[in-house]
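In what follows, a structure is listed as structure tokens, so that the remarks can point back to it.
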Amino acid sequence: MDSLDLNAYAAGRPLGAPGSGARGPGEDEPGGRDAAFSVTALYQAHAVGMIRLAVIMLGDRAAAEDVVQEAFLSLYRSWDRLSDTGKAVTYVRSSVLNGCRNALRARARRERRDRATAWSGVPLESVEATVLIGEDHRRMLAAIRALPDRQREALVLRFYLDMSEDETARAMRISRGTVKSATHRAIAALGRMLEEGS
Amino acid sequence: MNTTEDRARAAMRAIAGTVNDAPPLPLGRSHAGARTRRPRWRPWIAPLAAAIAVIAIAVTLVVLRGTPHPRPVTPLPPRPVPSPTVPRYYVAVNQPGEYSPASLVVADSRTGVKLATIEPLPGTTFTGVTGAADDRTFVVESQPDDLGEENEPWQPRTWYLLRIAPGATATVELHSLPIPRTPAGSGVDAIALSPDGKELAVAIQPDAVNRPGAPVYLRLYSVATGAMLRSWSTTDVTAVFGGPKYSGPDRDTVITWLDDGHTLAFGSSWTTGLPKQADGSDVQPTAAQRKNIRHYVTIRTLNTAGPAGNLLADSRVVWSAVSDPDEPSARLSCQSELIPLVAADGKVVVCGATAVLHSPGAKITACPAIPPWKDMGFLGYSTSTGKLADVLARYPVRCATINAAIYPLRVSDSGDAVLGYLDVGHSGTLSQTHPGAQFGVFSHGTFTPLPYPLIDTGLLINYIAW
């Protein structure tokens, strides 16, 4: 929120157009002006962090941006129905995780279908292939994406976002014991995969 | 940078560091860009499931020789186990691939030989299993495998009866059951088939998806007719689920039938004293705040022959424990995250246990500096006295990681042996003769290894049953 014009935000004016009275983004949308201001502010404050999270999950920058934008758009559409707007970031993070899960499943279905029809598509280029990143990191990230959904999400929330077991449990809507076991199994599986691949 | 955890952290930070900006948020396309969400329940599944009223699968026993199977632990050489505490067969829910629906695996506990793999109906996945005392009768639950649906854990459950007919040519049969499908949005937390296989107990929270603190129910269904025989409920979610329920298929409680055939035991665990932020999220406790944190575990029993009604008023606490994370001793105590198991005679409660090891003068220079160090084991407590009655296993851990795990999965009828899993993580080593992860029977200080179950998914109660 540091980069925002908080006075304008507090006064209900569109960000970036202080005092203009111009129509703010999405004013005609169901969420209304307040939703547009609030969601825009949240996006500016948290979008980069959410895209980073999605890139870890997906390895695909464009797909990560799509997932994060869709999560914020979903927040905007449901803003009036939120019982506690103070938990909007939690809502978005949950949407991003769901979106990543769905994107990975869609990708897997597409790959299965392509294999079944012997269709040779253009191989997906991961973001690691286009940036300077060490081989050890590439292998680790590939292994992380090969983990089952729950293990991968528990691992990322615990060890990338440094969330506590309780916070992770709430974010994933599972028990603390399940977080603990999923994290344990994720680490064990990563160790095995890396060992097998070496 | 030596541990897998460290390497994972570093890799995630490295790739995250490549993202430094975000594209503008196109709020103006929020309508046009809104994706159409698929219905939670595909209408065609219901008639399809009804049409396939009975699925009978006859499977010829096939001995698999030398077929490698991915296992999460170092396999131990399988050998016949004469222990009467190990039922012959198990049924497990297994997800063979990351995006595949879960199938059922039926296998021999003692030899590790697979008897059958049962694939779910198209568009569905298996989500749970529970067994009767005869080790031949099981009830399994299934739900739509609605990939892409964010509320997947809350899909309606349908029920099947699985029977194993042993012999030279083993046969496994699966029949649909008339037990009503659970409503969409329900959280099914635990299931337990009665010893005679005639009644199914289900811990359910019908409106869990919308209201995590909604009332919870313990319901009994007739396996033969599907009729709901009795139902108990409470609004005190903590007493059953350990708090508001946020998990669909995850098992935050355990239901056990006692061998009298009419008493159910169920447990919960919860934590108090955790410091919170204003929005309810956790904060790292200070040393002073840590002194106020307490972990509670409680086991209750319910006489199902009595009248239905209030789950708490009609049940009674038979065992409870409170753990103090700052307890300055090496006393082994139950892990608060795991619900202890109750022996069928109702006299013993068995838990997986750990303890922070405080050994003045202990030489630690040879170990990786990854505290805390812990002892691990399985403990049996008397329900009549509440006191420790039996140490089924105890292993001093020389160098452990925070990933140490211990899971009791089944207890012998008298509580003197436990079938379970114990692991100290990738960099830990156990003393005595144990190299690391162990799956088998622990009893009075002896360990009898068993072949690790033929599943890729986790070893949790209701995901595997004997």
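The listed protein sequences derive, respectively, from chains S and B.
The opening position of the first sequence corresponds to residue 748 in the numbering used here, with each subsequent residue numbered one higher.
The opening position of the second sequence corresponds to residue 8 in the numbering used here, with each subsequent residue numbered one higher.
Think of the CB as a built atom: it goes at the ideal place given N, C-alpha and C, for glycine as much as any other residue.
Since this is a predicted model, take the numbers as computed values, not measurements.
Contacts of Arg16(B) in chain S (Cβ-Cβ under 8 Å):
Residues of chain S passing the Cβ test: Phe906, Tyr907.
Identify, in the order they occur along the chain, each residue of the same chain with its Cβ nearer than 6 Å to the Cβ of Ile820(S), setting aside the five sequence neighbours on each side.
In the sequence as presented, Ile is not what sits at residue 820(S); that position holds Leu. Once the five neighbours on either side are set aside, Leu820(S) has no close Cβ partner at all.
Is the beta carbon of Pro347(B) less than 9 Å from the beta carbon of Tyr303(B)?
For the pair Pro347(B) and Tyr303(B), the CB atoms are not nearer than the 9 Å cut-off.
Quick check on Asn101(B): buried or exposed, where buried means 16 or more other Cβ atoms within 10 Å of its Cβ?
Buried is the call here.
Whole angstroms are fine: how far does the CA of Ile891(S) sit from the CA of Ala351(B)?
Computed Cα separation, rounded: 41 Å.
Residue range of the alpha helix (DSSP H) that includes Ala123(B)
No alpha helix (DSSP H) contains Ala123(B), which is instead part of the beta strand (DSSP E) from 121-125.
Beta-carbon of Asp28(B) versus every beta-carbon of chain S: anything under 9 Å?
Yes, Asp28(B) lies at the interface with chain S (some Cβ there is under 9 Å from its Cβ).
Which residues does DSSP pair with His793(S) in a beta bridge?
For His793(S), which the question treats as bridged, DSSP gives no partner whatsoever.
At least one CB of chain S closer than 9 Å to the CB of Ser276(B): is that the case?
For Ser276(B), the answer is yes, since a Cβ of chain S falls inside 9 Å of its Cβ.
Alpha carbon to alpha carbon, how far is Met748(S) from Arg848(S)?
Here Met748(S) scores only 28 on pLDDT, less than 50, and its place in the model is too uncertain to base an answer on.
Going along chain B in order, which residues have a C-beta closer than 7 Å to the C-beta of Arg799(S)?
Residues of chain B with a Cβ closer than 7 Å to the Cβ of Arg799(S) are, in chain order, Ala23, Val26.
Taking contact to mean 3 or more Cβ pairs, one atom from each stretch, closer than 8 Å, check whether the segment 932-941 of chain S and the segment 908-917 of chain S are in contact.
With a cut-off of 8 Å on Cβ pairs, the segment 932-941 of chain S is not in contact with the segment 908-917 of chain S, counting fewer than three such pairs.
Is it right to say Ala809(S) is buried, meaning 16 or more other beta carbons lie within 10 angstroms of its own, or is it exposed?
Ala809(S) is exposed by the Cβ-count criterion.
Presumed contact (8 Å Cβ cut-off) between Phe454(B) and Gly427(B), rounded CB distance
About 10 Å separates the beta carbon of Phe454(B) from that of Gly427(B), a gap too long to meet the 8 Å contact definition.
Using only the alpha-carbon positions, how far apart do Leu32(B) and Arg14(B) sit?
Approximately 34 Å between the Cα atoms of the pair.
Ala172(B), DSSP secondary structure in three states:
Strand.
Threshold first: 4 residues or longer. Then list the alpha helix (DSSP H) segments lying entirely within the segment 894-933 of chain S, N to C.
As far as the segment 894-933 of chain S is concerned, its whole alpha helix (DSSP H) runs of at least 4 residues are 896-902, 912-919.
For Ser785(S), would you say it is in contact with chain B, using Cβ-to-Cβ distances shorter than 9 Å as the test?
Chain B, which has no Cβ nearer than 9 Å to the Cβ of Ser785(S), makes this no.
Within 10 angstroms of its Cβ, does Ala801(S) collect 16 or more other Cβ (buried), or is it exposed?
By the neighbour-count criterion, in which 16 or more other beta carbons inside 10 Å mark a residue as buried, Ala801(S) falls on the buried side.
Do Glu914(S) and Met804(S) have their CB atoms nearer than 9 Å?
No, Cβ-Cβ distance for Glu914(S) and Met804(S) is not below 9 Å.
Name, please, each residue of chain S whose Cβ falls closer than 7 Å to the Cβ of Glu12(B).
The answer, in chain order, is Phe906, Ile934.
For Leu820(S), would you say it is in contact with chain B, using Cβ-to-Cβ distances shorter than 9 Å as the test?
It does; some Cβ of chain B falls within 9 Å.
Per DSSP, Trp326(B) forms a beta bridge with which residues?
Its beta-bridge partners are Ile306(B).
Unbroken beta strand (DSSP E) run spanning Ser229(B), endpoints
Annotation for Ser229(B): the continuous beta strand (DSSP E) segment containing it runs 223-229.
Mind checking who Trp473(B) pairs with in its DSSP beta bridge?
Trp473(B) is not bridged to any residue.
Three-state class that DSSP yields for Ser389(B) in the structure shown:
Correct three-state label for Ser389(B): strand.
In the structure shown, what three-state DSSP assignment does Val261(B) receive?
Of the three classes helix, strand and coil, the one that applies to Val261(B) here is coil, per DSSP.
Find the nearest neighbour of Ala853(S) within the set Arg117(B), Ser107(B), Leu111(B), judged by alpha-carbon distance.
Ranking the options by Cα distance to Ala853(S), first place goes to Ser107(B).
If you follow the beta strand (DSSP E) that Tyr97(B) is part of, which residue opens it and which one closes it?
Where Tyr97(B) is concerned, the enclosing beta strand (DSSP E) stretches over 96-101.
Go ahead and pull the three-state DSSP assignment for Ile468(B).
Of the three classes helix, strand and coil, the one that applies to Ile468(B) here is strand, per DSSP.
Name the chain B residues that come within less than 8 Å of Ala794(S), Cβ to Cβ?
Chain order gives the chain B residues near Ala794(S) as Ala29, Leu32, where near means a beta carbon separation below 8 Å.
Determine, using beta carbons only, whether Ile468(B) and Tyr97(B) come nearer to each other than 9 Å.
For the 9 Å CB-CB criterion, Ile468(B) and Tyr97(B) do not form a contact.
Whose CA, out of Val425(B), Arg20(B), Lys205(B), lies closest to the CA of Gly881(S)?
Considering only alpha carbons, the answer is Arg20(B).
Alpha carbon of Ile171(B) to alpha carbon of Lys354(B), nearest angstrom:
Ile171(B) and Lys354(B) have their C-alpha atoms spaced approximately 30 Å apart.
Does the beta-carbon of His451(B) have 16 or more other beta-carbons within 10 angstroms, so that it is buried, or is it exposed?
Here His451(B) is exposed. Its C-beta has fewer than 16 other C-beta atoms within 10 Å.
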